[in-house]
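Residue numbers (this note's numbering): 25 to 199.
The beta carbon of each residue, even a glycine, is placed where N, CA and C say it ideally should be.
Encoded as structure tokens, the structure appears first; notes follow it.
If you want it as structure tokens, here you go:
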């Protein structure tokens with residue numbers, strides 16, 4: 025199993041909305057401005073460490089558990105370790121936001137997931153993502169997936185949201 029990545033807190037002179045979005049999409053766990061009080065920074069660091077501790081416990085407790093995965097169009101998304109593999113077996117790196125959106129779409133392929141539901145995934149994760157940011161995340165996910173297959177996997181349903189097109193199966197394989 026891969027070693028857990030460190031928590032990342034971005035602290036900058038000025039942190040406007042675009043900077044926060046870019047930092048979060050590039051893998052940061054949180055963003056604060058330098059004018060932020062040290063007590064708040066410490067609270068945010070403790071929050072990141074708590075989340076990392078839970079992730080670490082979750083991963084180490086599952087080493088002898090079956091691998092739960094979604095299978096679609098030759099792809100494999102392992103739920104237990106949030107890793108995705110292309111039809112050729114290569115591991116594709118995706119951000120946490122991209123993983124959350126993809127796994128939500130895979131839960132009910134063929135049905136429309138509206139932007140509000142997808143934004144709700146990020147609110148639960150402590151982030152506030154607007155509709156435009158959601159579109160950018162989906163666009164990046166599409167681009168990554170398109171680089172390894174010749175069919176569109178995610179369809180935009182204008183004015184409604186997104187739909188995952190190919191059939192999806194859920195599998196539990198013994199490791």
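How many Å lie between residue i and residue j at the Cα?
i           : j           : result
residue 165 : residue 118 : 7 Å
residue 159 : residue 94  : 23 Å
residue 125 : residue 63  : 33 Å
residue 36  : residue 48  : 13 Å
residue 75  : residue 31  : 9 Å
residue 185 : residue 162 : 10 Å
residue 104 : residue 196 : 11 Å
residue 189 : residue 182 : 15 Å
residue 106 : residue 156 : 25 Å
residue 173 : residue 101 : 15 Å
residue 143 : residue 154 : 7 Å
residue 84  : residue 127 : Reliability of the predicted coordinates at residue 84 is poor, the pLDDT of 47 falling under 50, and the value obtained from them is presented with this limitation in mind. Each residue's Cα considered, the two are about 21 Å apart.
Helix, strand or coil, according to DSSP, for residue i in the structure here?
i           : result
residue 30  : coil
residue 200 : Nothing about residue 200 can be reported from this structure: the residues present for the chain run from 25 to 199 only.
residue 192 : coil
residue 57  : strand
residue 84  : For residue 84, the predicted model reports a pLDDT of 47, less than 50, meaning its position is unreliable and no value from the coordinates is stated.
residue 103 : coil
residue 43  : helix
residue 67  : helix
residue 36  : strand
residue 116 : strand
residue 50  : coil
residue 176 : coil
What does the Cβ neighbour count give for residue i, buried or exposed, with the cut at 16 atoms within 10 Å?
i           : result
residue 42  : exposed
residue 194 : exposed
residue 44  : buried
residue 53  : buried
Taking the alpha carbon of residue i as the reference point, which residue from the options has its own alpha carbon closest?
i           : options              : result
residue 122 : 31, 169, 97 and 90   : 169
residue 39  : 55, 33 and 50        : 55
residue 51  : 96, 127, 155 and 120 : 120
residue 73  : 130, 127 and 33      : 33
residue 130 : 141, 91 and 187      : 187
residue 133 : 144, 196 and 192     : 192
residue 171 : 53, 109 and 128      : 109
Is residue i near the ligand GDP, judged by its Cβ being under 8 Å from some heavy atom?
i          : result
residue 63 : No copy of the ligand GDP appears in this structure; indeed no ligand is present at all.
Three-pair Cβ contact test at 8 Å for the stretch 57-67 versus the stretch 131-138: no
Can you find at least 3 beta carbon pairs, one from the stretch 64-74 and one from the stretch 103-116, that sit closer than 8 Å? no
Indicate whether the contact test is met: 3 or more Cβ pairs, each with one atom in the stretch 170-182 and one in the stretch 94-108, closer than 8 Å. yes
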